[in-house]
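Number of protein chains: 2
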Amino acid sequence: MIDNLARIPLDAIRVFEATARLNSFTRAAEALGMTQAAVSWRIRDLEQRLGVALFVRETRRIALTLEGQRLASASSEALNLMRRAINDVMEQDQSVLGITTLQTLATQWLATRIGMFQLANPDLAVKIDVDNGLSDFSGHGTDIGLRFGSGQWPGLESRFLIPALFTPLCSPELQASLDIRTPADLKSAPLVGLPQEWAEWFARVGMADDSETPPPRVISENQAMEVATAMAGQGVALGNPVFYDREIRNGHLVRLFDANIALGGGYWLCYPKERRNLPKIARFRDWMLDMARSDASNIEACRLSGQTVGTIG
Amino acid sequence: MIDNLARIPLDAIRVFEATARLNSFTRAAEALGMTQAAVSWRIRDLEQRLGVALFVRETRRIALTLEGQRLASASSEALNLMRRAINDVMEQDQSVLGITTLQTLATQWLATRIGMFQLANPDLAVKIDVDNGLSDFSGHGTDIGLRFGSGQWPGLESRFLIPALFTPLCSPELQASLDIRTPADLKSAPLVGLPQEWAEWFARVGMADDSETPPPRVISENQAMEVATAMAGQGVALGNPVFYDREIRNGHLVRLFDANIALGGGYWLCYPKERRNLPKIARFRDWMLDMARSDASNIEACRLSGQTVGTIG
DNA sequence: GTCTATCATAAGTACACCTTATGCATGTTC
DNA sequence: GAACATGCATAAGGTGTACTTATGATAGAC
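Here it is as structure tokens:
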């Protein structure tokens with residue numbers, strides 16, 4: 043007997059099975075994470091390869107043909123068989139995703155977003171390990187690392203998440219009382235943070251640090267603390283606008299200027315190269331890159347919509 | 043339970059199943075019509091997606107791991123299920139391939155090659171229908187048409203097979219006795235075929251037809267007859283070198299000049315666009331295009347290796 | 001009549017998958 | 001113990017399939 047199966051792309055069977063089960067191209071597309079057009083295309087292609095119509099297209103609804111019904115039941119049976127076998131064979135603990143992350147990223151970014159991921163992936167437990175050192179991936183249940191740097195780590199595949207930006211932030215009350223409109227106005231404002239960071243910032247906006255920049259009044263141990271201080275009205279701090287997007291949007295923090303001053307490097311998501319396609323890793327990666335992308339466009343939108351006080355450059 | 047299957051390309055399962063069954067990357071590659079490298083790549087990719095080794099690689103041999111064994115039996119079961127369902131559902135008569143073809147192509151080209159196809163496809167019966175008219179594809183069990191023309195037929199997908207070339211051919215004895223070395227020598231030779239074809243040929247090689255070209259001595263009803271006449275030593279005929287490749291190679295015919303004079307158009311393989319992926323059609327098409335390709339390179343090699351008597355241009 | 005939900009189709013695009021080419025290790029032959 | 005043969009691994013590069021985006025078409029709901 044001739045092996046017609048050889049000419050049938052098996053991935054089409056998966057699409058067909060979902061479509062038959064949900065009785066809708068649109069819903070199958072949702073379920074499979076693709077577009078309705080793609081499902082429509084795929085089913086038509088399958089039908090042509092078989093030389094048989096699988097669905098009758100009525101407007102706004104489809105119905106399986108007789109052949110479609112027969113194929114559907116076989117497909118679902120075969121897919122379930124495979125599904126069981128694969129779950130059976132796969133690496134243990136596909137149900138727990140281990141993440142090591144930097145403190146900053148954990149509190150300022152991940153904490154507010156990870157809930158979304160867990161809602162969308164109720165079957166995946168997430169174990170977050172805050173660790174500022176460079177943890178290794180061998181054993182230890184670590185699947186994904188969130189790190190700061192250049193993105194170059196041997197043996198690891200790295201995907202860029204968030205740029206290392208900083209920009210002056212303060213409370214709306216402080217902004218109102220000091221009426222800061224240009225970088226020069228900051229010379230007389232209470233500054234929070236490391237002197238060299240402020241010097242860098244002034245230099246980047248074109249103000250040589252020769253003039254009498256007052257030393258920052260408060261120096262904390264990390265960015266989160268500094269910005270908290272600023273939010274409490276104690277001064278102006280340098281912070282990464284990506285991390286404080288929410289506070290800026292709801293008015294708890296004011297972003298004084300629209301310029302994003304970039305440091306070298308950035309925040310990266312990474313994992314061992316050869317584990318790139320493990321389902322749990324791939325799912326988290328895809329989700330997180332989506333989030334980062336939408337952050338990037340948020341920041342851009344925020345800058346362009348003039349929610350800042352002043353403009354530089 | 044989390045659907046890990048969603049992240050597994052099902053086509054990889056087919057590759058895995060063949061590899062497990064044949065216990066060799068190389069042989070699986072042969073069976074699947076792909077390269078050993080591709081199989082190796084695919085299996086590695088699958089292993090990475092599963093996070094589990096499926097084979098142990100010893101040098102010059104592989105062995106299934108425990109997980110591999112479990113997956114192999116499930117895969118073969120699932121694939122057999124699908125195979126049966128698809129054969130069940132597919133259009134009837136996937137076992138008979140209907141071809142309509144032109145007389146010339148049938149006798150001069152197809153007849154000597156179709157055996158190869160049937161040897162390679164013992165499960166497919168071939169029904170050849172010689173028909174010089176433009177047969178239609180609706181019903182009638184016609185799957186594939188072999189036609190002459192421009193390749194533009196509405197509703198059909200056409201693949202180019204053989205160019206419409208012609209070149210003077212005669213028997214080796216005639217060549218020896220007449221000692222033909224230049225096109226001019228043909229003016230005194232006995233010609234076979236239609237006068238206007240010869241006029242066209244002389245014009246194409248740069249000899250205006252003003253001079254006293256003798257009228258052809260013999261005019262037959264088709265090219266096959268004319269070339270047969272030439273082969274019998276009765277004269278020089280114009281024939282398509284592709285069709286007489288074998289006779290030229292084994293010395294029954296001499297190709298006088300290496301120039302290929304091309305007419306417009308050529309021979310095409312065609313079928314209804316929407317049936318392009320029907321297994322029987324796809325298999326024949328792929329095979330035939332392969333043959334045509336190797337013909338083309340044969341002709342080229344023949345020209346370049348100086349098996350002709352004279353050179354033009 | 002307008003609006004909306006669904007599938008169809010066209011055009012453009014990207015990346016997965018394959019090939020080609022080569023390397024490497026080991027077993028085999030003389 | 002060379003020289004060769006065989007089978008798998010790996011890198012680099014090309015290509016076509018299978019997507020997306022954008023738009024059209026149809027008919028049922030209101």
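Chains as they are written, first to last, in the working numbering: chain B, 43 to 355; chain U, 43 to 355. Every residue, glycine too, gets a C-beta built ideally from N, C-alpha and C.
- Between D178 (chain B) and chain U, the shortest Cβ-Cβ separation is not below 8 Å.
- Excluding five sequence positions before and after G235 (chain U), the CB atoms of its chain that fall closer than 6 Å to its own CB belong to P258, E268, A279 and L280, given in chain order.
- No Cβ-Cβ contact shorter than 8 Å links L207 (chain B) with N264 (chain B).
- By the Cβ-count criterion, Q238 (chain B) is exposed, with fewer than 16 other Cβ atoms from all chains shown falling within 10 Å of its own Cβ.
- Note on P210 (chain B): 16 or more other CB atoms within 10 angstroms of its CB, so buried under the neighbour-count rule.
- Within the same chain, Cβ atoms closer than 6 Å to the Cβ of D337 (chain B) are found at V284, the five residues on either side in sequence being excluded.
- Taking T107 (chain U) as the centre and dropping the five residues before and after it, the same chain places the C-beta of A95, L96, F97 and V98 closer than 7 Å to its C-beta, in chain order.
- Per DSSP, reduced to three states, the secondary structure at D287 (chain U) is helical.
- Rounded to whole angstroms, K315 (chain B) and N65 (chain U) show a C-alpha spacing of 28 Å.
- Taking the Cα positions, G248 (chain B) is about 58 Å away from L52 (chain U).
- For L211 (chain B), DSSP records a beta bridge to B:A279 and B:R297.
- Residue state for D87 (chain U) is assigned as helix, using DSSP reduced to three classes.
- Rounded to the nearest whole angstrom, the C-alpha separation of Q145 (chain B) and G187 (chain B) is 12 Å.
- Minimum Cα-Cα distance from G140 (chain U) among the listed residues U:T149, U:G157, U:K169 and U:L161 corresponds to U:K169.
- Listed as beta-bridge partners of S200 (chain B) by DSSP are B:C312.
- From the beta-carbon of I85 (chain U), no residue of chain B is found nearer than 9 Å; the closest lies around 13 Å away.
- E316 (chain U) belongs to the set of residues whose beta carbon lies under 8 Å from a beta carbon in chain B.
- With a contact defined as Cβ atoms closer than 8 Å, A324 (chain U) and R49 (chain B) qualify at about 6 Å.
- Taking a contact to require three or more Cβ pairs closer than 8 Å, the segment 109-124 of chain B and the segment 118-132 of chain U qualify as touching.
- Where I156 (chain B) is concerned, the enclosing alpha helix (DSSP H) starts and stops at A153 to A162.
- According to the DSSP assignment, E100 (chain B) belongs to no alpha helix (DSSP H) but to the beta strand (DSSP E) extending over F97 to E100.
- In the structure shown, the three-state DSSP call for L106 (chain B) is strand.
- When the beta-carbon positions are compared, Q136 (chain U) and I55 (chain B) stay at least 8 Å from each other.
- Between the alpha carbons of F159 (chain B) and G193 (chain B) lies a gap of roughly 24 Å.
- Residue contact check for E242 (chain B) against chain U: no CB pair falls below 8 Å.
- For A120 (chain B), a Cβ of chain U is located within less than 8 Å of the residue's own Cβ.
- Using a Cβ distance threshold of 8 Å, Y313 (chain U) and F190 (chain U) do not count as a contacting pair.
- In this structure, the beta-carbon distance from V296 (chain B) to G277 (chain B) does not fall below 8 Å.
- Taking C-alpha positions only, H294 (chain B) is separated from N302 (chain B) by approximately 19 Å.
- F58 (chain U) and R86 (chain U) have their C-alpha atoms roughly 10 Å apart.
- Under the 10 Å beta carbon count, F244 (chain U) is surrounded by 16 or more other beta carbons and is classified as buried.
- If you draw a straight line from the Cα of F326 (chain B) to the Cα of Q217 (chain B), it is about 39 Å long.
- Against chain B, the beta carbon of L123 (chain U) has neighbours under 8 Å at A116, E119, A120 and L123, listed in chain order.
- When secondary structure is reduced to three states using DSSP, P237 (chain B) falls in the helix class.
- Listed in chain order, the non-local C-beta contacts of R155 (chain U) below 7 Å within the same chain comprise M333, local neighbours out to five positions each way being set aside.
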